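>
Number of protein chains: 2
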Amino acid sequence: MSSLFLKFNYKQDILKRLVLLVLLTTSSIASAQVKNDSTQIRDFYDLALLEGQSYQWLDDLSNDVGPRLSGSKGAENAVNWAKSELEKIGLDKVWLQPVMVPKWERGAAERAYIEGPDGRIEVPVCALGGSVATVQDGLTAEIIEVQGLADLEKLGTDKIKGKIVFYNRPMQANLIQTFSAYGGCVDQRYSGASEAAKYGAAGVIVRSMNLRMDDYPHTGAMSYGDLPNEKRVPAAAISTNGAALLSKMLKQNDKTQFYLKMNCKNYEDVPSFNVIGELTGSERPKDFMVVGGHLDSWDLGDGSHDDGAGVVQSMEVLRLMKAANYTPKHSIRVVLFMNEENGLRGGNEYAAVAKKKGENHVFALESDSGGFTPRGFSFDADPANFAQVESWSSLFKPYLIHYFELGGSGADIGPLKNEAIVLAGLRPDSQRYFDYHHASNDTFDAVNKRELELGAATMTSLMYLFDTYGVIPVNER
Amino acid sequence: MSSLFLKFNYKQDILKRLVLLVLLTTSSIASAQVKNDSTQIRDFYDLALLEGQSYQWLDDLSNDVGPRLSGSKGAENAVNWAKSELEKIGLDKVWLQPVMVPKWERGAAERAYIEGPDGRIEVPVCALGGSVATVQDGLTAEIIEVQGLADLEKLGTDKIKGKIVFYNRPMQANLIQTFSAYGGCVDQRYSGASEAAKYGAAGVIVRSMNLRMDDYPHTGAMSYGDLPNEKRVPAAAISTNGAALLSKMLKQNDKTQFYLKMNCKNYEDVPSFNVIGELTGSERPKDFMVVGGHLDSWDLGDGSHDDGAGVVQSMEVLRLMKAANYTPKHSIRVVLFMNEENGLRGGNEYAAVAKKKGENHVFALESDSGGFTPRGFSFDADPANFAQVESWSSLFKPYLIHYFELGGSGADIGPLKNEAIVLAGLRPDSQRYFDYHHASNDTFDAVNKRELELGAATMTSLMYLFDTYGVIPVNER
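The listed protein sequences derive, respectively, from chains A and B. Numbered according to our numbering, the first sequence spans residues 1 to 477. Numbered according to our numbering, the second sequence spans residues 1 to 477.
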């Protein structure tokens, strides 16, 4: 696209619509307040896009701190970095909240190959988080391909015993929301090993949760449930291209042998921290509103989308309020949760401490779906509060924020749920998210500065509206 | 983001909303037709995402054909490729429409450096399309920095004569629609040389139309207007990082010298073609609906976003209709326009021929804003037809398509405008577009398969609705 008149048309259109918005809003009942809201929100977006801090923070977190799996030196560095940065922006309080976290290490890089008719073909694999290692010399076994957990019972122990179970059900490409496609597959990764072990499998490999055909294996949490230690078998992810190749070779020879070597290890729990900062409320200091993301990441890549983006956007919410000279009525906290990826210990601990102290939490917002162009929010809320949210939607229209739906919020704020609180999750465009999720290409260069900043401004605007109008209490719904 | 329950919540939410949609639509007045529309549109999306052809086509066009500036061998190859591919999908007619196009060649790579206090500092530049070359030994001159065309008159001939004018007004980062920011800057690129030449400038360099700070110079069309040949001065773009460095050095020394060498050349017009394919209408074969993008690209990169994406999406619209066994009532044409970038000759010729033949065009849709996640459409339409479009918006909601606004359509279909026709332009997410636009990084790897496919399905759905319900004629508005 190059010709000029189109762009000028565009610009005129924007101007026309801005004028229209002002006309519409000034003619409404709550004209003064709506105009203030509109101006205040414009300020947040302008500050985020013209003088934002989030992208520089993400550069520091991704490239200086780097990967930060719970219990690692990287996670410790991330805690120190976040505390130090929050202290620089002039909050009323900054502190660390202790929490014990699991520790698992990948060890030396994994190796896998298919024994083909013309020799060994190396394929990209990585251990799933929490998996046991293979034996020292690696595991060599036949492969049995399945499309999901339900296939195991049909096959039975006879056909599974001693083999590596290969879970190869792909993410469903015609689902528009990629998280739905993920939700339809991830049982293979999470429970695949524990279920296959019951039928005597020697190990499992799982097709990466990735909608793209490429060479990146994607790690992620798995669980052995209550399976005793001696029955636990190694579990790895294989890249989508690797999965396609393996499946093809199995069709040619169902006795194909596979070699897998993994060097990972589980340790005892170790101490770590949630990092918390607070702007104390001017009118309702004992009513808390939380915005957060998770500070830990997987050990592959540097966790820029998952969840470096959510971390720096959450920090930016409080910084933008200060930069705009906005004084919140409620106490607003940024909470950078530890251990979302493989335990949710930070989210559970934050909620447990809040409950123990009798802190009244009325609203919580999480960003943990990548640093892509924001589209809106999903909510876990009662009808009255959700109707209030919907009444705000026109304020977001100039920023192309259109998605306000019930249906889930975020993992780390989930434990805060009670009758009174409203929970929300930022919903960015999801099309590219699983290209990077839990893989070594989730790095700083995969995040676009403007998209990240738009997310931070959108979050700040929602937080501002909840702070201004309050959450409708249970007895007024 | 990793924890499982959230994803399942998401999925349940999707299911709930699908159920709700069905309930809502089946209870509406036109229940049967709406249900059919909904099912038909679902089919288009499923086919595009599960068995789409657009991404493979883009791979071929970008990586096999490559760059295809009007009048080049690449453009000729693109014409042959497109004709051959359209012939494969079983349309009723495929033909080439002759059009004369300008020919300009970049020649050997440009070179530029700043004479700094510690020696020469090379900076990335590229000639603007249509520019004359520098003299054989290159141009060395002082620089005068301006923020736009209006500064020239203030400075006057005394301060400009013999110098290189450096246009450095950046794209405005706080505009949400990046095309508006482009519209606010591109006069520097298009008219900068002709205006500066009037004050005796020796040449111009223009800050690249890019919202990101990086090392890619972005080319694009410029015009000398009616300036006689002997007064034409060379014009180049400089990367945003280069512009920032140059501006900084000018603040330290306003006598800083700049060296620029360009080897480009304008030739006589040469013959080329629009490529056209048609599905002939079953009920109104003499009423035409057009979908298109432009087949030419700039010579840097391979034009994957601009406008390879629009080309393959437009081809995919007709292929998807065939794949879904949908027989259009109107005659639907895919038109792949030649020479959008530096002349619009193809768009003008298509409209001129249509007028001459008395072909009644009722609707035209263009895709020329990149292959990113589609958000909706903008329209150049009368109120009655726009109201009809708005009545369809709920059909698009499951696909997160929410943007239906008046205000411009596309450059190539613009010449078709008359009282009767409805014009529309696909509006993808625009945040990343100017990272790639007219630069050497506009390559195949910058396009995401799903985002491209969603655009094609969204275009097909709009075309289907216009074909089904028709455009409201002038006398019924």
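Where is the CB? At the ideal position from N, CA and C, for every residue including glycine. Predicted model only: the values in this text are computed from it and were never measured.
1) Check the Cβ-Cβ distances between Asn-325 (chain B) and every residue of chain A, and say whether any is below 8 Å.
2) Using only CA atoms, which one of B:Glu-349, B:Lys-355, B:Asp-429, B:Leu-260 lies nearest to Thr-140 (chain B)?
3) Any residues in the stretch 34 to 60 of chain B with a beta carbon nearer than 7 Å to a beta carbon of chain A? Which ones, in chain order?
4) Of all Cβ atoms in chain B, is any one closer than 8 Å to the Cβ of Asn-348 (chain A)?
5) Of all Cβ atoms in chain A, is any one closer than 8 Å to the Cβ of Ile-238 (chain B)?
6) Can you give the Cα-Cα distance for Val-334 (chain A) and Gln-431 (chain A), rounded to whole angstroms?
7) I need the straight-line Cα distance from Ser-31 (chain B) to Ser-38 (chain B), nearest angstrom please.
8) Kindly identify the DSSP beta-bridge partner or partners of Thr-140 (chain A).
9) For chain A, find out if any of its Cβ atoms is closer than 8 Å to the Cβ of Pro-170 (chain B); answer yes or no.
10) If you draw a straight line from the alpha carbon of Tyr-399 (chain B) to that of Asp-302 (chain B), how long is it in whole angstroms?
11) For chain A, find out if any of its Cβ atoms is closer than 8 Å to the Cβ of Glu-390 (chain B); answer yes or no.
12) Ile-176 (chain A) versus chain B: which residues are under 7 Å apart at the beta carbon?
13) For Glu-122 (chain A), write down the residues that DSSP places opposite it in a beta bridge.
14) To the nearest angstrom, report how far apart Cys-264 (chain B) and Gly-277 (chain B) are at their CA atoms.
15) Going by the beta-carbon positions, is the gap between Met-222 (chain A) and Gly-343 (chain A) smaller than 8 Å?
16) State buried or exposed for Ser-272 (chain A), treating a residue as buried only when at least 16 other CB atoms are found within 10 Å of its CB.
17) Gln-431 (chain A) touches chain B at which residues, Cβ-Cβ below 8 Å?
18) What residue does the alpha helix (DSSP H) around Ile-160 (chain B) start on, and which one ends it?
19) Taking only beta-carbon atoms, is Tyr-464 (chain A) less than 8 Å away from chain B?
20) Classify Lys-163 (chain A): buried if its beta carbon has 16 or more other beta carbons within 10 angstroms, exposed otherwise.
21) Whole angstroms are fine: how far does the CA of Tyr-436 (chain B) sit from the CA of Asn-210 (chain B)?
22) Compute the distance between the beta-carbons of Ala-193 (chain B) and Met-213 (chain B), then report whether it is under 8 Å.
23) Are any of the Cβ atoms in chain A nearer than 8 Å to that of Tyr-167 (chain B)?
24) Name, in chain order, the residues that DSSP records as bridge partners for Lys-103 (chain B).
25) When the Cα atoms are used, what is the spatial distance from Lys-88 (chain A) to Ile-413 (chain B)?
26) Along the stretch 208 to 223 of chain B, where does the CB come closer than 8 Å to a CB of chain A? Name the residues.
27) Would you say Ser-440 (chain A) and Gly-407 (chain A) are within 8 Å of each other, going by their C-beta atoms?
28) Just to check my reading of the structure: Leu-336 (chain B) and Thr-460 (chain B) have Cβ atoms closer than 8 Å, yes? What is that Cβ distance to the nearest angstrom?
29) Which same chain residues, not among the five before or five after Val-389 (chain A), have their C-beta less than 6 Å away from its C-beta?
30) Of the residues B:Gln-40, B:Val-471, B:Met-315, which one's Cα is nearest the Cα of Glu-366 (chain B)?
31) CB Val-125 (chain B) to CB Ile-41 (chain B), shorter than 8 Å?
32) Please report the distance separating the alpha-carbon of Phe-363 (chain A) from that of Ala-235 (chain A).
33) Taking the continuous beta strand (DSSP E) assigned at Asp-287 (chain A), which residues delimit it?
34) Output the distance between the C-alpha atoms of Lys-449 (chain A) and His-294 (chain A), rounded to the nearest integer angstrom.
35) Measure from the C-beta of Arg-436 (chain A) to each C-beta in chain B and report whether the shortest distance is under 8 Å.
36) Apart from the five residues on each side of it in sequence, which residues of its chain come closer than 6 Å, Cβ to Cβ, to Leu-49 (chain B)?
If we stick to the structure as given:
1) On the second sequence, position 325 is the one that residue 325 (chain B) refers to. No, Asn-325 (chain B) does not count as interfacial toward chain A.
2) In the second sequence, residue 140 (chain B) corresponds to position 140, counting from 1. It is B:Leu-260.
3) Against chain A - using a Cβ distance shorter than 7 Å - the residues of the stretch 34 to 60 of chain B are Tyr-45, Asp-46, Leu-49, Leu-50.
4) Here residue 348 (chain A) is taken as the residue at index 348 of the first sequence, counted from 1. So, not an interface residue.
5) Against the second sequence, residue 238 (chain B) aligns to sequence position 238. Not an interface residue.
6) Reading the first sequence from its first residue, position 334 is the one you call residue 334 (chain A). Reading the first sequence from its first residue, position 431 is the one you call residue 431 (chain A). The straight-line gap from Cα to Cα measures roughly 27 Å.
7) Counting from 1 along the second sequence, the entry for residue 31 (chain B) is found at position 31. Counting from 1 along the second sequence, the entry for residue 38 (chain B) is found at position 38. Any reading at Ser-31 (chain B) needs caution, since the residue's pLDDT is 49, under 50, leaving its predicted position unreliable; the model's value is listed next. Roughly 10 Å separates the two Cα atoms.
8) On the first sequence, residue 140 (chain A) is found 140 positions in, with the first residue counted as 1. Looking at the DSSP assignment, Thr-140 (chain A) forms a beta bridge with A:Tyr-259.
9) Here residue 170 (chain B) is taken as the residue at index 170 of the second sequence, counted from 1. With 8 Å as the cut-off, Pro-170 (chain B) does not count as an interface residue toward chain A.
10) One-based indexing of the second sequence puts residue 399 (chain B) at position 399. One-based indexing of the second sequence puts residue 302 (chain B) at position 302. Cα-Cα distance, rounded: 29 Å.
11) What you label residue 390 (chain B) is simply residue 390 of the second sequence in a count that begins at 1. Not closer than 8 Å to any Cβ of chain A, the Cβ of Glu-390 (chain B) fails to qualify, so no.
12) Taking the first sequence and counting its residues from 1, the one referred to as residue 176 (chain A) is at position 176. Simply Pro-398, Tyr-399, Leu-400.
13) The residue labelled residue 122 (chain A) in the question sits at position 122 within the first sequence. Glu-122 (chain A) pairs with A:Tyr-113.
14) Position 264 of the second sequence, counted from the first residue, corresponds to residue 264 (chain B). Position 277 of the second sequence, counted from the first residue, corresponds to residue 277 (chain B). Distance between the alpha carbons of Cys-264 (chain B) and Gly-277 (chain B) is about 35 Å.
15) To locate residue 222 (chain A), count along the first sequence from 1; it is residue 222. To locate residue 343 (chain A), count along the first sequence from 1; it is residue 343. Not a contact, by the Cβ cut-off of 8 Å.
16) Indexing the first sequence from 1 puts residue 272 (chain A) at position 272. Around the C-beta of Ser-272 (chain A), 16 or more other C-beta atoms lie within 10 Å, and the residue is accordingly described as buried.
17) As a position in the first sequence, residue 431 (chain A) is number 431, starting the count at 1. Simply Thr-373, Asn-448, Arg-450, Glu-451, Leu-454.
18) The residue labelled residue 160 (chain B) in the question sits at position 160 within the second sequence. Start and end: 150 to 160.
19) If you number the first sequence from 1, residue 464 (chain A) lands on position 464. Not closer than 8 Å to any Cβ of chain B, the Cβ of Tyr-464 (chain A) fails to qualify, so no.
20) Here residue 163 (chain A) refers to the residue found at position 163 of the first sequence. Buried, by the Cβ-count rule.
21) Counting from one through the second sequence, the residue named residue 210 (chain B) turns up at place 210. Counting from one through the second sequence, the residue named residue 436 (chain B) turns up at place 436. Distance between the alpha carbons of Asn-210 (chain B) and Tyr-436 (chain B) is about 8 Å.
22) The count along the second sequence starts at 1 and reaches residue 193 (chain B) at position 193. The count along the second sequence starts at 1 and reaches residue 213 (chain B) at position 213. Against a cut-off of 8 Å, the Cβ pair of Met-213 (chain B) and Ala-193 (chain B) comes out as no contact.
23) For the purposes of this step, residue 167 (chain B) is taken as residue 167 along the second sequence, with counting starting at 1. Judged by the 8 Å Cβ criterion, Tyr-167 (chain B) is not in contact with chain A.
24) For the purposes of this step, residue 103 (chain B) is taken as residue 103 along the second sequence, with counting starting at 1. Residue pairing by DSSP places Lys-103 (chain B) opposite B:Tyr-267 in a beta bridge.
25) Along the first sequence, one-based indexing puts residue 88 (chain A) at 88. Along the second sequence, one-based indexing puts residue 413 (chain B) at 413. Near 53 Å, if we compare the C-alpha coordinates of Ile-413 (chain B) and Lys-88 (chain A).
26) Leu-211, Arg-212, Gly-220, Ala-221
27) By 1-based counting over the first sequence, the position of residue 440 (chain A) is 440. By 1-based counting over the first sequence, the position of residue 407 (chain A) is 407. The answer is no: Cβ separation not under 8 Å.
28) The residue you call residue 336 (chain B) lines up with position 336 of the second sequence. The residue you call residue 460 (chain B) lines up with position 460 of the second sequence. The pair is not a contact, with the Cβ atoms about 17 Å apart (cut-off 8 Å).
29) Along the first sequence, read from residue 1 onward, the residue named residue 389 (chain A) stands at position 389. Cβ within range, chain order: Phe-404.
30) The residue labelled residue 366 (chain B) in the question sits at position 366 within the second sequence. Glu-366 (chain B) has its Cα closest to that of B:Met-315, out of B:Gln-40, B:Val-471, B:Met-315.
31) Indexing the second sequence from 1 puts residue 125 (chain B) at position 125. Indexing the second sequence from 1 puts residue 41 (chain B) at position 41. No; because the gap between Cβ atoms is not below 8 Å, this pair is not in contact.
32) Here residue 363 (chain A) refers to the residue found at position 363 when the first sequence is read from its first residue. Here residue 235 (chain A) refers to the residue found at position 235 when the first sequence is read from its first residue. Take the alpha-carbon of Phe-363 (chain A) and the one of Ala-235 (chain A): they are about 38 Å apart.
33) Within the first sequence, numbered from 1, the residue matching residue 287 (chain A) stands at position 287. Looking at the DSSP string, the run of the beta strand (DSSP E) that includes Asp-287 (chain A) is 284 to 294.
34) Start at 1 with the first residue of the first sequence, and residue 449 (chain A) comes out as number 449. Start at 1 with the first residue of the first sequence, and residue 294 (chain A) comes out as number 294. Roughly 20 Å separates the two Cα atoms.
35) Counting from 1 along the first sequence, the entry for residue 436 (chain A) is found at position 436. Before going on, a small fix: residue 436 (chain A) reads as Tyr here, not Arg. So no, Tyr-436 (chain A) is outside the interface.
36) Position 49 of the second sequence, counted from the start, is the residue given in the question as residue 49 (chain B). Result list for Leu-49 (chain B): Glu-453, in chain order.
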